[in-house]
Amino acid sequence: MKNFVSYIFVLFLIISSFYYADKISSFIINKSDLMTQINSKKSLYEKSYIDAIKYDEYIIPGLNGQVVNTLESFYNMKKYHTFLKDKLVYNEVSPSISIEQNKNLIINKANPLKNSISILVENNNEVLEYSKNLDITKLINLSTFSSKIKNDQINIDIENYEKVNDLLDKNNMNKKICLIFKNNDNYCKNKDYYIVKPTYIISNSNIYIKDKVQSGDIIYISDELSLDNYKILLISLNYHDLKVISLSKIISEKL
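Next comes the structure, spelled out in structure tokens:
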């Protein structure tokens, strides 16, 4: 019994020593010149989150905010003994109104602050070939899925939706996006996925829409759009300094 009490006492001393050592270490760090610099400058580099905007049955995704992780930043700068903004470590803060809690609403436009648009292509082979170096999104069915394609592949195969989903899951490629397309509205709304509807469908007959395209737009390229008209669209995007990024990236609320 005496040995047991001694063991408990020693264990208590060890735990106490760790506790107080940690407290002392935290006190020293918080009083250091470097931590003082970090605390005085961190607000210059932090960003407030932006809430998603809901209207009718639609939602425009928000954007995460970022706050400085002061302790991680301290350790990142410690060996330099001075404040370095490129060594700051951030934690992301989710919006209070987010697409994560509103998956029943339709996204047909992304946050314009991303200065980007998304291009969706299904069977327009000339456009697909020309866009190899662009981060476009390919709409797929059971026969057009490919594990070699690194861009987003979004399932639009209503008849074989679950089979294509299984392929995407197996290859760790499922972006959990259901595109409202070809009368599959009800199906999409019953999935716990992000529901997306294109902002514009661009064809040869309405290529003039290129002048209306803005940051955040989600553009479906019709199968019959000519390559020449597609190039005109890309020139217009470049003129307005709009990047082309994948559908999963443009609707994401990550910075």
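When we follow the working numbering, the leftmost residue of the sequence shown carries the number -4, and every step to the right adds one.
Beta carbons: idealized from backbone N, C-alpha and C, even for Gly.
One question on the structure: do Ala105 and Gly211 come within less than 7 Å of each other, judged by their Cβ atoms? Taking the first residue of the sequence shown as position 1, residue 105 is located at position 110. Taking the first residue of the sequence shown as position 1, residue 211 is located at position 216. Taking a C-beta distance under 7 Å as the contact criterion, Ala105 and Gly211 qualify as a contact pair.
Is Lys170 buried or exposed, if buried means 16 or more other CB atoms sit within 10 Å of its CB? The count along the sequence shown starts at 1 and reaches residue 170 at position 175. A residue is called buried when at least 16 other Cβ atoms come within 10 angstroms of its Cβ; Lys170 meets this threshold and is buried.
If we require 3 or more residues per run, which beta strand (DSSP E) segments fall completely within the region 136 to 218? For secondary structure counted as the beta strand (DSSP E) over 3 or more consecutive residues, the region 136 to 218 holds these complete runs in sequence order: 147 to 150, 172 to 174, 189 to 191, 195 to 197 and 213 to 216.
Across the region 236 to 250 and the region 105 to 125, are there enough close Cβ pairs to call them in contact, namely three or more that are closer than 8 Å? By the Cβ rule, the region 236 to 250 counts as touching the region 105 to 125, because three or more pairs are nearer than 8 Å.
Thinking just about the alpha-carbon of each residue, which of Leu229, Ser27 and Tyr234 is nearest to the one in Ile131? Against the sequence shown, residue 131 aligns to sequence position 136. Nearest option by C-alpha distance: Leu229.
With three or more beta-carbon pairs closer than 8 Å as the criterion, would you say the region 72 to 83 touches the region 161 to 176? Output reads no: the region 161 to 176 does not touch the region 72 to 83.
Might you give, ordered along the chain, the residues of its own chain that have their beta carbon closer than 8 Å to the beta carbon of Asn166, omitting 5 neighbours on each side? Mapped onto the sequence shown, residue 166 falls at position 171. So the qualifying residues of the chain are Ser142.
For Thr31, count the other beta carbons within 10 Å of its own beta carbon; 16 or more makes it buried, fewer makes it exposed. Which is it? Start at 1 with the first residue of the sequence shown, and residue 31 comes out as number 36. Result: exposed.
Does DSSP put Ile230 in a helix, in a strand, or in coil? One-based indexing of the sequence shown puts residue 230 at position 235. Shown here, Ile230 sits in a helix according to DSSP, grouped into three states.
Under the assumption that Tyr195 contacts Ile214 (Cβ atoms under 8 Å), give the Cβ distance between them as a whole number of angstroms. Numbered from 1 along the sequence shown, position 200 holds the residue referred to as residue 195. Numbered from 1 along the sequence shown, position 219 holds the residue referred to as residue 214. 5 Å between Cβ atoms; contact.
To which residues of the same chain is Lys226 closer than 6 Å at the C-beta, ignoring the five residues directly before and after it? Counting from 1 along the sequence shown, the entry for residue 226 is found at position 231. Within the same chain, no residue comes within 6 Å of Lys226 by CB-CB distance, once the 5 residues on both sides are set aside.
Applying the criterion that 16 or more other CB atoms from any shown protein chain within 10 Å of the CB defines a buried residue, is Leu39 buried or exposed? The residue given as residue 39 occupies position 44 in the sequence shown. Exposed, because fewer than 16 other Cβ atoms sit within 10 Å of the Cβ of Leu39.
Taking Lys291 as part of the alpha helix (DSSP H), name the residues at either end of that continuous run. Residue 291 falls outside the range modelled here, since the chain spans only -4 to 250, and no answer is possible.
Given a cut-off of 7 Å, decide if Tyr44 and Val88 are closer than it, judged by their beta-carbon atoms. Residue 88 sits at position 93 when you count from the first residue of the sequence shown. Residue 44 sits at position 49 when you count from the first residue of the sequence shown. The answer is yes: Cβ separation under 7 Å.
Counting only beta-carbon atoms, is Leu83 nearer than 7 Å to chain D? Protein chains in the displayed structure number just one, and chain D is not present.
Does the Cβ of Asp152 have 16 or more other Cβ atoms within 10 Å, making it buried, or fewer, making it exposed? Position 157 of the sequence shown, counted from the start, is the residue given in the question as residue 152. By the 10 Å Cβ count, Asp152 comes out buried.
May I ask which residues mark the beginning and end of the beta strand (DSSP E) holding Glu87? Residue mapping note: residue 87 aligns to position 92 of the sequence shown, counting from 1. DSSP places Glu87 inside the beta strand (DSSP E), whose first and last residues are Tyr85 to Val88.
Under 8 Å: do the region 95 to 104 and the region 60 to 75 share three or more Cβ pairs, one atom per stretch? Too few Cβ pairs lie closer than 8 Å, so no.
Closest to Ile102 by C-alpha separation, out of Lys249, Leu222, Lys192 and Asn179, would be which residue? In the sequence shown, counting from the first residue as 1, residue 102 sits at position 107. Taking only the C-alpha atoms, the option nearest Ile102 is Lys192.
So, with DSSP's three-state summary, where would you put Lys249? Numbered from its first residue, the sequence shown carries residue 249 at position 254. In the structure shown, Lys249 adopts coil according to DSSP, grouped into three states.
Contact belief for Val309 with Ile135 at Cβ below 8 Å, rounded distance in angstroms: Coverage of the chain is limited to positions -4 through 250, which leaves residue 309 absent and any answer about it impossible.
Which residue wins for smallest C-alpha separation from Asp187, given the options Asp81, Asn59, Leu100 and Ile24? In the sequence shown, residue 187 corresponds to position 192, counting from 1. Per the Cα distances, Leu100.
In the DSSP output, what is Val122 paired with across the bridge? By one-based count along the sequence shown, residue 122 stands at place 127. Note: Val122 sits in no beta bridge, so no partner.
Start-to-end residues for the alpha helix (DSSP H) that takes in Ile33: Indexing the sequence shown from 1 puts residue 33 at position 38. Asp28 to Lys36 is the extent of the alpha helix (DSSP H) around Ile33.
Do Ile216 and Ile246 have their CB atoms nearer than 7 Å? Here the question's residue 216 lines up with position 221 in the sequence shown. Here the question's residue 246 lines up with position 251 in the sequence shown. Contact: no.
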